[in-house]
Amino acid sequence: MAQNSRKRPNILMTGTPGTGKTTTSSLLADATQLRHINVSELVKEKNLHQGWDDEFDCHVIDEDLVCDELEDLMEEGGNIIDYHGCDFFPERWFDHVVVLQTDNSVLYDRLSNRGYMGRKLTNNIECEIFQVLLEEAKESYQEDIVVAMQSNCVDDISNNVATLTDWVRSWQPAS
Ligand code: DAT
């Protein structure tokens, strides 16, 4: 199916854990009636994983199972995919790729409040310092659909949701 045969756009909302993907996606879904899909939750609900990784304290997701599960919905369009990785989804799925970014000290506090500590905490802070998700997004998608957005404070969330809502409303399927 051609990339642009869908009637509504698909957005990938990515970024280091704690940058605000779920909060932003949920508000954007309310504003646009797009469907918010939290991939980590989906993996848990449908067992789309290969077990638990003790070192990283998370499920080892089965990327093929996740992509199979999402294919029909993505073909239909109108989805916000919320996940802290972006290099295994088919490139043709997305019309817009948003990479949320947060200052290290702010992110440190958010992840500590969430109970992250030790390696898990430092790995995620390093992931943000080295802009791993932004690089991964630029390598995986055409650069002109990738946008980085700051997510440090509540005003940033409102501004980002407003900007993205305008983008969704003005999006046109190619004729
Ligand atoms: P993610 O889905 O990227 O892991 P989240 O949406 O669950 O992040 O947010 C993590 C926590 O940080 C949550 O308590 C909400 C808060 N938060 C997220 N983005 C924020 C922002 N821009 N300003 C203030 N708080 C924010």
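Residue numbers for the sequence shown follow our numbering, so the first one is 389 and each next one is one higher. Glycine included, every Cβ here is placed at the ideal spot set by N, Cα and C.
To the nearest angstrom, report how far apart Phe-482 and Ser-493 are at their CA atoms. Indexing the sequence shown from 1 puts residue 482 at position 94. Indexing the sequence shown from 1 puts residue 493 at position 105. Whole-angstrom Cα-Cα distance: 31 Å.
Do Lys-409 and the ligand DAT come close, with the Cβ less than 6 Å from some heavy atom? Here residue 409 refers to the residue found at position 21 when the sequence shown is read from its first residue. The answer is yes for Lys-409.
For Gly-406, is the classification buried or exposed, using 16 other Cβ atoms within 10 angstroms of its Cβ as the cut-off for buried? One-based indexing of the sequence shown puts residue 406 at position 18. Gly-406 is buried by the Cβ-count criterion.
Under a Cβ-count criterion, where at least 16 other Cβ atoms within 10 Å of its own Cβ denotes burial, should Gly-503 be classed as buried or exposed? By one-based count along the sequence shown, residue 503 stands at place 115. Exposed.
Do you know whose CA, among Leu-458, Ser-500, Ile-399, lies nearest Tyr-529's CA? Counted from its first residue, the sequence shown places residue 529 at position 141. Comparing Cα positions, the closest option is Ile-399.
Per DSSP, Val-485 is paired with what? Translated into positions along the sequence shown, residue 485 becomes position 97. According to DSSP, which records beta bridges pairwise, Val-485 is partnered with Leu-400, Val-534.
Bridge partners - Cys-446, DSSP secondary structure assignment: Indexing the sequence shown from 1 puts residue 446 at position 58. Paired residues: Asp-441.
Buried or exposed (CB count within 10 angstroms, at least 16 for buried), Ser-578: A question about residue 578 goes unanswered here, because the residues of the chain that appear run from 389 up to 563.
Since Asp-470 and Met-537 are thought to touch, with beta carbons under 8 Å apart, how far apart are those beta carbons, to the nearest angstrom? Locating residue 470 in the sequence shown gives position 82, where the first residue counts as 1. Locating residue 537 in the sequence shown gives position 149, where the first residue counts as 1. Their Cβ separation, rounded to whole angstroms, is 14 Å, which puts Asp-470 and Met-537 out of contact at 8 Å.
For the beta strand (DSSP E) containing Asp-470, list its first residue and its last residue. By 1-based counting over the sequence shown, the position of residue 470 is 82. Counting along the chain, the beta strand (DSSP E) containing Asp-470 begins and ends at 467-470.
With 16 other Cβ atoms within 10 Å as the buried cut-off, status of Pro-561: Stepping through the sequence shown from its first residue, residue 561 is reached at position 173. By the 10 Å Cβ count, Pro-561 comes out exposed.
Is Val-431 near Asp-441, with beta carbons less than 7 Å apart? Here residue 431 corresponds to residue number 43 of the sequence shown, with the count starting at 1. Here residue 441 corresponds to residue number 53 of the sequence shown, with the count starting at 1. Against a cut-off of 7 Å, the Cβ pair of Asp-441 and Val-431 comes out as no contact.
Please state the DSSP three-state secondary structure of Asn-547. Residue numbering aside, residue 547 sits at position 159 when the sequence shown is read from its first letter. Three-state DSSP puts Asn-547 in a helix.
Assigned secondary structure, Arg-394 (DSSP; H/G/I helix, E/B strand, else coil): As a first step, residue 394 must be located in the sequence shown, where it is residue number 6. Residue state, collapsed to three classes: coil.
Neighbourhood of Met-389 by C-beta distance below 6 Å, restricted to the same chain and skipping five residues each side: Here residue 389 refers to the residue found at position 1 when the sequence shown is read from its first residue. In this prediction, Met-389 scores a pLDDT of 44, lower than 50, which makes its location untrustworthy; no coordinate-derived value is stated.
Quick one: is the Cβ of Gly-473 within less than 6 Å of any heavy atom of the ligand GDP? Only the ligand DAT can be found as ligands here, which leaves the ligand GDP out of the picture.
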